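Protein chains in written order, with the numbering used here: chain A, 1 to 230; chain B, 231 to 460.
Protein chains: 2
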Amino acid sequence: MSHSLTDLPDDPPPAADSPTAIAQWVADVLRERIVKGTYAPGSRLVERRISAELELSRTPVREALKLLHQDGLIEISRNRGAQVLRCTAEDALRLFDVIAALESLAAERLAAVITPAQLDDLEDMHARMLTYHKVGSHADYFDTNSEIHEFIVESCGNPIVQDARGRLMARARQGRFMAIHSPERLAQSVQEHEALMQALRARDAGAAALVWRQHLLHTGDSLAAMLDSD
Amino acid sequence: MSHSLTDLPDDPPPAADSPTAIAQWVADVLRERIVKGTYAPGSRLVERRISAELELSRTPVREALKLLHQDGLIEISRNRGAQVLRCTAEDALRLFDVIAALESLAAERLAAVITPAQLDDLEDMHARMLTYHKVGSHADYFDTNSEIHEFIVESCGNPIVQDARGRLMARARQGRFMAIHSPERLAQSVQEHEALMQALRARDAGAAALVWRQHLLHTGDSLAAMLDSD
DNA sequence: TCAAGGGATATGGCATCCCATTTTGCCCAG
DNA sequence: CTGGGCAAAATGGGATGCCATATCCCTTGA
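Structural data, given as structure tokens:
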């Protein structure tokens, strides 16, 4: 087992102030561990073991596992426990084919309704991202990058897009942090972000949709290539 | 209460041959009732009541309610039970904005890889649909229509599209069967189906994507108008 | 008559027990 | 040494009990 009882829940048990909060919290803990690789793909998540470690009963753990299953992160088989699914290169391509469609829709809709304030926020994030890129501060670059993507999906006016995209991204994040691409891909990515900003400034919904879809398809290709090279 | 113990589960309890089958079955029963309107929007689904009626314990019912919640069909609040959410016109627009993006993607991908056999299947369904339309057999028309949409999403080569689309459609179906549109809309819809067939015959992915997206956006508009007129 | 307070009831969340099935490991026969 | 079979342990699923809290109704006082 890869973690002792000492690195326990990090957070204290989150006092059940809201309904189903415990199961949600358990799901978050497990999701984090899956994403960070603490639970390797293929490893088995046993209800009784987790409930003992987190010092609660099996019921919320069961619910959490069900949640993770619906998110596509694990497979649950009877008497064999939950197993972390591996995200293959092919999975990444399929995932980003859909994510591209969703985020493209978000960009398209946002371009049509974007407010000056929202544009300012985006300009700010965009500028920060460019700086981090120049400086070579990868972690900050990726954070800001994610921030921009999240912002677009949040601001597009359709929460359903955000919800669907969130679930898909959880699966994609599994394993690597979608980190470090090649310098060329990085440069291309920055360029695509710049193109989106131009489309948004011009309120050109069609262009925004096109640019952003290509950006995400490229991201998918890049991630798939990375997963393949393992 | 709108149903007695005599119109029980319709199906016999589904023998737990596969794992989690019971919860899944309960979810199916409840979903059907929500879609058919047996449970009106706003009505409360009480764990204990349902478990008593279906003659099983609260556990699978509870899981089923969680599933329905993740599908966006119900809201669960502590001590207030699960309540069926109402699908408003605005919801329909948002839903179909996303569904349009997904099915458009499916059509685009399918056009690129469609086999002669698949095209034959589609031609067959399409012809049947046209016949039903001419004859005015609405139920058959809608069935075949759904069949075509399902087929496209299934055959596009990306199961993630199918999954995401399925969840969204469950919410859209809530209430009316998405039934009866105006004659003009019906004619337009048929025309759009015909346009898709042409694009698929030509293996023109771009045209297929465009046509199909418009078709679904129109469907969303139509449904929203219907919901609004209530 | 109406409003406010209190208690009974309803309800979902968590813990725990039991069961069916699968997995695992061991022992013995060949 | 190997393979098969059997028993014990492991494991998830379902059932049930208890608890905290929200809801609802009835009572009571102004």
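C-beta: ideal position from N, C-alpha, C; glycine also.
Here the structure is a predicted model, which is why all the values come from computation and not from measurement.
Are any of the Cβ atoms in chain B nearer than 8 Å to that of residue i?
| i | result |
| --- | --- |
| residue 74 of chain A | no |
| residue 63 of chain A | yes |
| residue 70 of chain A | yes |
| residue 66 of chain A | yes |
| residue 212 of chain A | no |
Compute the Euclidean distance between the alpha carbons of residue i and residue j, then round it to the nearest angstrom.
| i | j | result |
| --- | --- | --- |
| residue 287 of chain B | residue 268 of chain B | 22 Å |
| residue 218 of chain A | residue 154 of chain A | 22 Å |
| residue 139 of chain A | residue 130 of chain A | 13 Å |
| residue 198 of chain A | residue 108 of chain A | 13 Å |
| residue 311 of chain B | residue 329 of chain B | 29 Å |
| residue 366 of chain B | residue 442 of chain B | 23 Å |
| residue 185 of chain A | residue 453 of chain B | 43 Å |
| residue 376 of chain B | residue 94 of chain A | 24 Å |
| residue 40 of chain A | residue 172 of chain A | 15 Å |
| residue 459 of chain B | residue 334 of chain B | 28 Å |
| residue 1 of chain A | residue 36 of chain A | At residue 1 of chain A, the pLDDT of 38 sits below 50, so the modelled position is not reliable; the number obtained from the coordinates is stated separately. About 15 Å. |
| residue 149 of chain A | residue 208 of chain A | 13 Å |
| residue 76 of chain A | residue 262 of chain B | 25 Å |
| residue 210 of chain A | residue 392 of chain B | 23 Å |
| residue 59 of chain A | residue 216 of chain A | 38 Å |
Does the beta carbon of residue i come closer than 8 Å to any beta carbon on chain A?
| i | result |
| --- | --- |
| residue 422 of chain B | no |
| residue 428 of chain B | no |
Taking 7 Å as the cut-off, is the C-beta of residue i nearer than that to any heavy atom in the ligand FMN?
| i | result |
| --- | --- |
| residue 107 of chain A | Only the bare structure without any ligand can be found here, which leaves the ligand FMN out of the picture. |
Legend entry - Length at least 4, wholly inside the segment 16 to 44 of chain A: the alpha helix (DSSP H) runs in chain order: 21 to 36
Inset, instruction - Spell out a yes or no on whether the segment 293 to 301 of chain B and the segment 248 to 259 of chain B are touching, meaning 3 or more CB-CB pairs, one atom from each, closer than 8 Å. - result: The answer is yes - the segment 248 to 259 of chain B touches the segment 293 to 301 of chain B, with three or more Cβ pairs under 8 Å.
Inset, instruction - Could you tell me which uninterrupted beta strand (DSSP E) segments, each at least 3 residues in length, are contained entirely in the segment 277 to 346 of chain B, listed from first to last along the chain? - result: 304 to 307 and 311 to 314
Inset, instruction - Pair every Cβ in the segment 121 to 139 of chain A with every Cβ in the segment 65 to 82 of chain A, then say whether three or more of these pairs are closer than 8 Å. - result: Short answer: they don't touch.
Legend entry - Selection of the segment 378 to 398 of chain B by Cβ proximity to chain A, strictly under 9 Å: 387, 388, 389, 390, 391, 393, 394, 397 and 398
Inset, instruction - May I ask you to list, following chain order, the residues of the segment 317 to 349 of chain B that have a beta carbon less than 7 Å from some beta carbon of chain A? - result: 324, 325, 327, 328, 331, 332 and 335
Inset, instruction - Count the C-beta pairs between the segment 419 to 428 of chain B and the segment 315 to 324 of chain B that are closer than 8 Å, then say yes if the count reaches three, no if not. - result: no
Inset, instruction - Enumerate, from N- to C-terminal direction, the unbroken alpha helix (DSSP H) stretches of 4 or more residues contained entirely within the segment 363 to 422 of chain B. - result: 368 to 385 and 389 to 403
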